[in-house]
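Before any comments, here is the structure.
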Amino acid sequence: MGSIENLIKRAEADAGLDASVYDETQIQVLEGLEAVRKRPGMYIGSTSAKGLHHLVYEIVDNAVDEALAGYCTEITVTIKSDETITVMDNGRGIPVGIHPEKGVPAVELVFTTLHAGGKFGGGGYKVSGGLHGVGASVVNALSEYLTVQVHQDGKIHEQKYSRGDILNNLSIIGETEIRGTFVHFKPDTEIFEETIYSFDTLKQRLQEIAFLTKGLKIKLIDERDDNSIEFHYVGGIKEFVGYINQNKTPIFEKIFYMEETKNNILVEVALQYNDGFIELTHAYVNNINTTDGGTHLAGFRTALTKTINDYGRKFNLIKENEKNLTGDDVREGLSCIISIKIEEPQFEGQTKAKLGNSEVKPVVESLVGEYLTYFLEENPAVGKSVIEKAVMAARARDAAKKAREMVRRKSALDNGRMPGKLADCLEKDPAKSELYLVEGDSAGGSAKGARTPKTQAILPLRGKILNVEKSRLDKILGNDSIRSMITAFGTGINEDFDIEKLRYHKIIIMTDADVDGAHIRILILTFMYRYMAPLIDSGKIYIAQPPLFRVEKNKKEYYVYSSDELTTLLDNIGREGIKPIQRYKGLGEMDAEELWRTTMDPENRILLKVTMDDAIMADQIFNMLMGDKVEPRRNFINEYAKTVENLDI
Ligand code: 1YM
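With the numbering used here applied, the sequence shown closes on residue 658, and no number is skipped along the way.
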């Protein structure tokens, strides 16, 4: 979304007044909103739940821009009971004055003309120019109805639209004592496959925006069930880092934070180390999560490695005969948020999640170098513990490298031989093959008896599965179950990971439907998440759902998968005449035929696909589950064991 100047420019372009702006990015301007309705995916990515939620973010982005400009302190988003949305801010209000060329109010242009994404103007950074930054007009085009109200100078101005068409001229409908913009819309059910809003999805993104926009208060109200939440982070990304580390143990209390503008690039960085081994850096550009990194991340990394090495040398914490610490060494246990704002971001790559602007790297590098050097010199105790941790990491990395080489050599010796316990399938095409990971030898036995040997392979996992959250790679690779998984998958791990080598396109975790089973499942998933994340990302991991009860009545058998389902079934078929109700404690209690019928037969089984929509959430969950704090873990596992309905990690 642009400023008034930009709007004028676009209106001129529309009217054919200025041919100079007819460049590629302006082509969209010539299209009407019908184009949006014809191909909604092009403008909001999809018409699934994702696109539905995206509508809210488009409107919110305009309000966030107003906050970044310094005029808005509060945004309220409400999910109404009829699945419509209202967004309200306390900014200046979208201008209502008549546009000189178009002869209509600016606010009308905002909602009825299509803007090319990514354009900036009028100074200041705008988050609304982002990935799909196509603005309010797209939301309008895709809404059964939309109402905008501008509260300005004591008056309420209102205009209504339906599927992008104007229903009435902007008019004053009353008086007001407040200032701001209010938008109410109903996503068009003709366009969206999904029309139910998820409180959690909106909550997650709004919380992220609140972290990234310090001081901005964001409220989310759900009128469907009287739920609400408010985010307000005076410390911004500094509080974000505290949040990421909340279930971890920081190695120093003080969180590093810097904010500075150079060459019109605003750079904000916050970081803190914890005693774990995982790096968690999230890099944002204009509030967009650049999951594939880019020049800002590269600049940060270079600065971090150089600064820490220089500091270590200067204070003799790295000995003369010791090698320099590597980037991996200095990032172990790092939790970090990088947030930059620039006027014309260039997003690259297939998912447009990588920043390409080459001018950004030197700016981030020099600013972070400067501020971090100062921070370490001011806080020598912090400096010392950071170096000690990185030196330990370097040693462990050496050990891990040796262990990995050993594993590689060993598998070379094995000549690609599969683990002894693996009952492989005959099929060689990975797309047609599936692998069941089964807990314990006895259940493994039933599964081997039950399977279709042509397409279904079974790998029983025996003994303890290591908690990878608490171990370094050398130890992890020493674990039998983990090694046999790596060999069976065929992909390798970490930097060696290659999804092309995956031997099965479905990997199905089959554990008992009890707390222990849930725990094992989480250990397996944690390992995958940390070392083979693309497996989860690409939707290759599934969870089998064995039944919890078997009910027999009038020679008929029923299998049910939860206690609730059992109650429903008994209500339906009646309780009299029921022979046994059998509760399965483990997979091992089922005979092969039963296991096939209820859990493994592709025609009848229920599989849950494991997804990873939000990496931060997933990380929080894994941390809580695998970290040092026992209480939240126990609660989660108990809760989760009860309701394994949809696993969104
Ligand atoms: C609930 C959604 O859209 N707020 C909002 C939008 C604008 C302004 C203020 C605004 C911007 C400017 C000047 C400027 C927009 N204005 C325009 C345009 N909330 C919401 N609040 N005055 C007010 O950018 O110069 C587009 S968005 F183009 F008309 F100026």
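Just so it is clear, CB atoms sit at the ideal spot from N, CA and C, and this is done for glycine as well.
Where do the N-terminal and C-terminal ends of the beta strand (DSSP E) with residue i fall, by residue?
i	result
Lys328	Careful: Lys328 lies outside any beta strand (DSSP E) and carries neither H nor E.
Ser663	What is shown of the chain runs 10 to 658, which leaves residue 663 out entirely.
Asp231	226–231
Ser572	No beta strand (DSSP E) holds Ser572; the alpha helix (DSSP H) holding it covers 572–582.
Gly189	189–196
Glu561	558–562
Tyr568	565–569
Cys345	343–350
Gly183	180–184
Pick from the options: whose alpha carbon is nearest that of residue i?
i	options	result
Asp284	Pro259, Asp301, Leu544	Pro259
Pro114	Pro428, Glu75, Asn178	Asn178
Leu334	Thr316, Ile349, Glu561, Ile347	Thr316
Gly163	Gly173, Thr190, Phe506	Thr190
Lys47	Glu232, Asn71, Gly173	Gly173
Thr300	Thr360, Lys263, Asp319, Val278	Thr360
Thr93	Leu151, Asp70, His108	Leu151
Ile297	Thr520, Tyr568, Ile347, Asp433	Ile347
Glu203	Val339, Glu368, Thr56	Thr56
Lys484	Ala412, Phe536, Ala527	Ala412
Tyr383	Asn366, Met267, Gly60	Met267
Lys549	Met621, Glu379, Lys89, Ile531	Met621
Arg233	Tyr206, Asn503, Glu379, Glu504	Tyr206
Glu448	Val119, Gly595, Tyr538	Gly595
Asn149	His108, Asp197, Lys111, Gln158	Asp197
Lys195	Pro462, Ile274, Leu343, Leu64	Leu64
Phe220	Lys350, Val119, Ile246, Phe208	Ile246
Phe201	Phe265, His193, Arg539, Lys59	Lys59
Leu482	Asn366, Glu414, Gly144	Glu414
Val569	Met537, Ile615, Glu585	Ile615
Ile187	Ala399, Arg101, Leu176	Arg101
Val159	Leu289, Glu217, Ile182	Ile182
Tyr538	Asn476, Pro589, Asp209, Thr464	Asn476
Leu77	Val45, Glu352, Leu376	Glu352
Tyr293	Phe249, Asp525, Gln281	Phe249
Ile533	Arg592, Leu470, Glu561	Leu470
Ser455	Asp521, Glu504, Lys212, Asp407	Asp521
Ala440	Ile508, Arg426, Ala408, Ile396	Ile508
Ala145	Ile68, Thr290, Ser90	Ile68
Arg406	Gln465, Gly501, Leu446, Gly336	Gly336
Leu42	Val105, Ser171, Val86, Leu617	Ser171
Met427	Lys363, Ala408, Met494	Met494
What are the boundary residues of the alpha helix (DSSP H) that includes residue i?
i	result
Leu306	304–323
Ala150	145–150
Pro371	369–387
His528	524–540
Ala455	A small correction: the amino acid at residue 455 is Ser; Ala does not occupy that position in the sequence shown. Where Ser455 is concerned, the enclosing alpha helix (DSSP H) stretches over 450–459.
Ala115	115–121
Gly586	Careful: Gly586 lies outside any alpha helix (DSSP H) and carries neither H nor E.
Val45	42–47
Gly336	336–340
Ala601	601–604
Leu280	Run containing Leu280: none in the alpha helix (DSSP H); it sits in the beta strand (DSSP E), 274–282.
Leu482	482–485
Could you give the C-beta distance for residue i and residue j, rounded to a whole number, given that I count them as a contact under 8 Å?
i	j	result
Gly487	Ile467	Contact flag wrong, Cβ pair sits at about 24 Å.
Val116	Lys263	Contact doesn't hold; Cβ gap of about 46 Å is too wide.
Val619	Ile552	6 Å
Leu215	Ala312	Not quite, the Cβ-Cβ distance comes to about 31 Å (not below 8 Å), so this is no contact.
Asp70	Val136	5 Å
Leu431	Ala527	Contact doesn't hold; Cβ gap of about 24 Å is too wide.
Val45	Leu123	7 Å
Leu435	Lys463	5 Å
Gly387	Leu343	Looking at the sequence provided, one finds Glu at residue 387 rather than Gly. In fact, because the Cβ distance is near 19 Å, the residues do not count as touching under 8 Å.
Closest Cβ-Cβ distance between residue i and chain B: below 9 Å?
i	result
Gly487	Judged by its chain identifiers, the structure shown contains no chain B, having just a single protein chain.
Query raised in the report: Any contact of the stretch 81–94 with the stretch 218–229, i.e. 3+ C-beta pairs under 8 Å?
Result: yes
Query raised in the report: Which ranges does the beta strand (DSSP E) cover as unbroken runs of at least 3 residues, wholly within the stretch 54–102, from first to last along the chain?
Result: 83–88, 94–98
Query raised in the report: Touching or not, the stretch 579–586 and the stretch 538–558, by the rule of three or more beta carbon pairs under 8 Å?
Result: no
Query raised in the report: Do the stretch 504–518 and the stretch 556–567 make contact, defined as three or more Cβ pairs closer than 8 Å?
Result: no
**Report entry** Secondary structure, beta strand (DSSP E): runs of 3+ residues fully inside the stretch 209–271
**Finding:** 226–231, 236–241, 265–271
Query raised in the report: Quick one: any contact between the stretch 236–247 and the stretch 92–108, if contact means 3 or more CB pairs under 8 Å?
Result: no
Query raised in the report: Any chance the stretch 457–466 sits against the stretch 593–609, with 3 or more Cβ pairs inside 8 Å?
Result: yes
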